Amino acid sequence: MEQMVAAAGLGDILEKVKAGERLGFADGVRLYKSNDILAVGYLANLVRERFNGNRAYFIYNQHINYSNICTNLCKFCAFGKDKESAQAYEMTVEQVKAKVRERLAYQYYLDMLRGIKEVRPEIHIQAFTCVEIAHLATLAGKSVTETLKELVAAGLGSIPGGGAEVFSPRIRKRTCEKKLSGEGWLEVAKAAHRLGLKSNATMLYGHIETVEERVEHLAALREAQDETGGFLTFIPLAFHPKNTELHELAKTTGLDDLKNIAVARCFLDNFPHIKAYWVMIGPKLAQVALSFGADDVDGTVKEELITHMAGGEAGGAMADTELIRLIRDAGRQPVERDTLYNVIREH
Amino acid sequence: MDLQRITEKGLAGERLTADEGLVLLEKGDLYQLGFLANAIRRRKHPEPVVTYVVDRNINYTDICISACKFCAFFKAPEDPAGSVLSFAELGEKIEETKALGGTQILLQGGLHPDKPLEFYEEMLRFIKGHGIHIHGFSPPEVCHFASLSGLPVLEVLIRLQQAGLDSIPGGGAEILCDRVRRETAPRKGLTDAWLGVMEEAHGLGMRTTATMMFGHLETYAERIEHLARVRALQDKTGGFTAFIPWPFQPDNTALAHLPKTTAFAYLKMLAISRIFLDNIDNIQASWVTQGPKIAQLSLFFGANDFGSTMIEENVVAAAGVGFRLSEQEIRALVEGAGCVPRQRRMDYSLV
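These protein sequence lines map, in sequence, to chains H and Y.
Whatever position you read off the first sequence (first residue = 1), add 603 for my numbering.
Whatever position you read off the second sequence (first residue = 1), add 837 for my numbering.
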């Protein structure tokens, strides 16, 4: 099989991967530009098995999108609504009045965390992307670190990887001008890591970004991870155009999706996990991705709004038994984990 | 038996035995199978071209006496919901197909209890009046017409051909192993009957495809037996243009309790088909059961053809699978895989 990788013109990268050597920028670009998905996947699978053996993780989890009111209104998002919009919603914490909430907005988030902990004290709350946390710090008039400390005291357990999009300023200017910058995103993540919080990282691919911009994004994450070691998982997110301002763009194909998983696995040599998020790429491809670099398929999810509003076609929930079957049928060992990758049960 | 040696045989273009095929299916990993199938596909088709046909599946009736356990489409003869398409409806569907650049129709229906052979001849002549290639009547239908009319299969085929039938689709093959056929579709013809119709048709100069519906009650050995039977007939006649393996879709069928074949298992079976069937030129991806993402990936696991655009499809849809793709989407998927999409006809000549 190594012959096949060499025949695809990736023999030198194979040597690096086998030696555990770090890939350079140009290697990343070449992997992205190769159409030989089997060769790229084979490389990623070597790295995947080195990091995670035959294990494939999943989690019994639930997503809650507490509000769709958003000041950023990114062009690639079909979920966010202006607060005047008829479709805007916000889940109330004990019927806090709208006017009061505006003035005490920051308190709302702390109350929400405490409220969840009251109902389920043992539950781990992974919440608020780096973008939301920067926004909360502004609302509170406090530093990011101070804000994070207060959120942790109220019950925050870890931070999901959203809002990273593509770090390139060119892309952010054209798609989400009002959003926190890439540098800002990384600063929040690193501040959280320094407080002992773990977080994930994402990349929203398949819109107007170039291959080089993707590799730059991965390189920035790799550098931050060298510094703090606080990232658990990288999750490539496939852009879903329907109902967004970029609706004229085509959906990502299976090849795009697998390539983003595989290249990330080869390039991010300091990330323990790569996730194939089945809600975005469908359960079929997520299963196959377990051989193309991914070691995690996310979880039961139960409720998902953001991808579905943008035309995502995978169901909103999956039984754990079905996840286990898919993993096993792909020749991997199903491992149920918690948010921080502590093993709950090996199946 | 050593996987490495089998792989080398495959790469060298040597024919695999049934035992070797079985070892590959049982023990080959995704990359071994993918790399080998892809190499064979490239040897057979050095140009990075992926073909597809623009057509429509027309099911002239859903009334069927066969009652196969894996089917969610049929209506029993006593069920008032069953129907037969009128010629007017047929005509409309054909004109729509032609307007969309269609070159053929796939005409298949249930085994209707009492329509005489003349009914089908008339239907063929009517369709032929619209000037379109008719890819129609799978072997179980032909056998059914033969038994209702009391005529031999060869004579039925000659009459259908004279009335306008151009080629025969490979449906109804399911698994070409009598044990499986008796358990899943006891009223349908056995293996030799299916192969017999194809052999006679090839003898009359009609090209046909072959299918395999896997992932229900069959064993791995029985899947290989299926491939071996198809390969043996192809050695004899050379009449098969393509092979189409697709996984059983259990929803709404009598076998709904069975787990659905996963994408991983599909890709492996597809690759084995490409590797084992060394005398069949084309392998089709089943996007209608697998969806666009896995179908695109199929192009790296042995498939060189995207099958049909299926302007209309009813049978798989009845089993709860809803993938739809336009010609434009198919072309984009092919291009995204670094290949060139080309519209073809049934015989694989390019349009």
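Heads up, the beta-carbon is just placed ideally off N, CA and C, and yes, glycines get one too.
None of these values were measured; they are calculated from a predicted model.
- Residues of the region 1085-1103 of chain Y with a C-beta atom less than 7 Å from some C-beta of chain H are Pro1096, Thr1099, Ala1100, Phe1101 and Ala1102, listed in chain order.
- Approximately 30 Å separates the beta-carbon atoms of Asp872 (chain H) and Thr903 (chain H); this is outside 8 Å, ruling out the contact.
- Taking the CA atoms as reference points, Glu780 (chain H) sits about 47 Å from Ile1120 (chain Y).
- Looking at the DSSP output, Met1147 (chain Y) shares a beta bridge with no other residue.
- When beta bridges are read from the DSSP output, Val979 (chain Y) appears opposite no residue.
- Per the C-alpha coordinates, the member of Y:Ile995, Y:Asp1015 and Y:Gln945 positioned closest to Phe974 (chain Y) is Y:Gln945.
- Taking 7 Å as the threshold, the shortest C-beta distance from Met806 (chain H) to chain Y does not fall below it.
- For Asp866 (chain Y), DSSP assigns no beta-bridge partner whatsoever.
- Within the model, the alpha-carbon separation for Leu888 (chain H) versus Leu649 (chain H) is close to 19 Å.
- The continuous beta strand (DSSP E) containing Ser802 (chain H) extends over residues Lys801 to Tyr808.
- DSSP places Ser1110 (chain Y) inside the alpha helix (DSSP H), whose first and last residues are Ala1100 to Phe1113.
- Leu617 (chain H) has its alpha-carbon roughly 7 Å from the corresponding atom of Val608 (chain H).
- A distance below 7 Å separates the beta carbons of His970 (chain Y) and Thr940 (chain Y).
- When Cβ pairs closer than 8 Å are counted between the two stretches, the region 1082-1098 of chain Y is seen not to touch the region 844-859 of chain Y, the count staying below three.
- At a cut-off of 7 Å between beta carbons, Ile1131 (chain Y) contacts chain H.
- When C-beta distances to chain H are compared with 8 Å, the residues of the region 865-887 of chain Y below that value are Asp866, Leu867, Tyr868, Gln869, Gly871, Phe872, Asn875 and Ala876, in chain order.
- Listed along chain Y, the residues sitting closer than 8 Å to Gly885 (chain H) by beta-carbon distance are Gly1128 and Lys1130.
- For Gly947 (chain Y), no Cβ of chain H is located within less than 7 Å of the residue's own Cβ.
- In this structure, Thr1046 (chain Y) lies away from Gly1001 (chain Y), with their beta-carbon atoms at least 7 Å apart.
- By the beta-carbon neighbour count (other beta carbons within 10 angstroms, threshold 16), Ser1135 (chain Y) is buried.
- If you draw a 10 Å sphere on the C-beta of Asp898 (chain H), you find 16 or more other C-beta atoms in it, and that means buried.
- Every alpha helix (DSSP H) of 4 residues or more that sits fully in the region 864-895 of chain H is shown, in chain order, as 881-884 and 886-892.
- Checking the DSSP bridge columns, you'll see Met921 (chain H) has no partner listed.
- Relative to Leu1041 (chain Y), the option among Y:Arg842, Y:Arg996, Y:Leu867 and Y:Ala983 whose CA is nearest is Y:Arg996.
- Exclusion of the five residues before and after Leu713 (chain H) leaves Ala757 as the residues of its chain whose Cβ lies within less than 6 Å of its Cβ.
- The DSSP-derived three-state label of His972 (chain Y) is strand.
- Ala874 (chain Y) and Ile1112 (chain Y) have their C-alpha atoms some 5 Å from each other.
- According to DSSP, Ile895 (chain Y) shares a beta bridge with Y:Leu944.
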